[in-house]
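Novice: Next up is a structure, given as structure tokens.
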Amino acid sequence: MVKILGICGSPRRKSCYKALETALEAAKNAEEGVEVELVELRAKKMNFCIHCNKCLRDKSDRCTVFKDDMTELYDKFYEADGVIIASPVYEMNITAQLCTFFDRFRSAWLKGVEDPDFFAHKVGAGITVGGTRNGGQEATMNSITNFFLTQGMTVCTGGSGMYSGPMLWNPGDGSTEIEDPDGFRNCEILGRKMAKMSRIMKEAKF
Numbered sequence: 233m234v235k236i237l238g239i240c241g242s243p244r245r246k247s248c249y250k251a252l253e254t255a256l257e258a259a260k261n262a263e264e265g266v267e268v269e270l271v272e273l274r275a276k277k278m279n280f281c282i283h284c285n286k287c288l289r290d291k292s293d294r295c296t297v298f299k300d301d302m303t304e305l306y307d308k309f310y311e312a313d314g315v316i317i318a319s320p321v322y323e324m325n326i327t328a329q330l331c332t333f334f335d336r337f338r339s340a341w342l343k344g345v346e347d348p349d350f351f352a353h354k355v356g357a358g359i360t361v362g363g364t365r366n367g368g369q370e371a372t373m374n375s376i377t378n379f380f381l382t383q384g385m386t387v388c389t390g391g392s393g394m395y396s397g398p399m400l401w402n403p404g405d406g407s408t409e410i411e412d413p414d415g416f417r418n419c420e421i422l423g424r425k426m427a428k429m430s431r432i433m434k435e436a437k438f
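In terms of our numbering, the sequence shown opens at residue 233 and continues consecutively.
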């Protein structure tokens, strides 16, 4: 069984959620034995990392200061073979919810110490949605990609025509349904690619 986790960093269930849902559905249908799950950070209680390093002193791969929803999210992330993270563009960057999630991975450093190949077998990919055609999607994608690289994960790129990954745009004030057929097609392509890469990396022997 290959597990692919989708993490939606949007504070609303709109365009970003739909794009991520499309990618996960494509991943699920790409091959037999692919299990997908979509988690919305907007519904989670996450405190800010205060960089106290107590997790490192306690030799814990999760935060030992705050008892919040990150405990559950650590488990889901560590158990996943592939992770797709989606974020709308906020000031040419990821949302506050997603930034908080990223910052809380200080404790994940211990996973790499215990097993240098732990994250290397995991595949990560990103999806971004902006309000204009050139609305900061690439800068936002870089933040997501850099998070995966920080963990030592293998990054799944979009391929021809979407080099870093699917970058959609939803013109207007966000109140209308997103109409970006090319963007959604790219989400489907990414989902299928994630299913294949996650399976290959899970079976790989380093």
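For each residue, glycine too, the CB sits at the ideal point set by N, CA and C.
Since we're looking at a predicted model, the values are computed, not measured.
Determine the burial state of F280: buried for a count of at least 16 other Cβ atoms within 10 Å of its Cβ, exposed for fewer.
Specialist: exposed
Novice: Of all the beta strand (DSSP E) runs that stay within the bounds of the segment 352-380, which reach a length of 3 or more residues?
Specialist: 355-362
Novice: So A352 and T386 are supposed to be a Cβ contact under 8 Å. How far apart are they, rounded?
Specialist: 7 Å
Novice: In angstroms, rounded to a whole number, what distance separates the CA positions of M324 and P398?
Specialist: So the two alpha carbons sit approximately 16 Å from each other.
Novice: In the DSSP output, what is C281 paired with across the bridge?
Specialist: Beta-bridge pairing links C281 to no other residue.
Novice: With the cut-off set at 8 Å, would you say I236 and I317 are in Cβ contact?
Specialist: no
Novice: Output the distance between the C-alpha atoms of W341 and D347, rounded to the nearest integer angstrom.
Specialist: 10 Å
Novice: In terms of DSSP beta bridges, what is M399 paired with?
Specialist: The partner list for M399 (beta bridge, DSSP) reads T360.
Novice: From T389, L270, E411, pick the residue whose C-alpha is nearest to that of R365; which is it?
Specialist: E411
Novice: Leaving aside the five residues before and after T254 along the sequence, list all residues of the same chain whose C-beta is less than 8 Å from its C-beta, in chain order.
Specialist: F416, C419, E420, G423
Novice: Should D307 be labelled buried (16 or more other beta-carbon atoms within 10 Å of its own) or exposed?
Specialist: So D307 ends up on the exposed side.
Novice: Beta strand (DSSP E) containing E409: first to last residue?
Specialist: No beta strand (DSSP E) holds E409; DSSP gives it neither H nor E.
Novice: Please report how far the alpha carbon of A436 lies from the alpha carbon of G356, in whole angstroms.
Specialist: 16 Å
Novice: Can you tell me whether I236 is helix, strand or coil according to DSSP?
Specialist: strand
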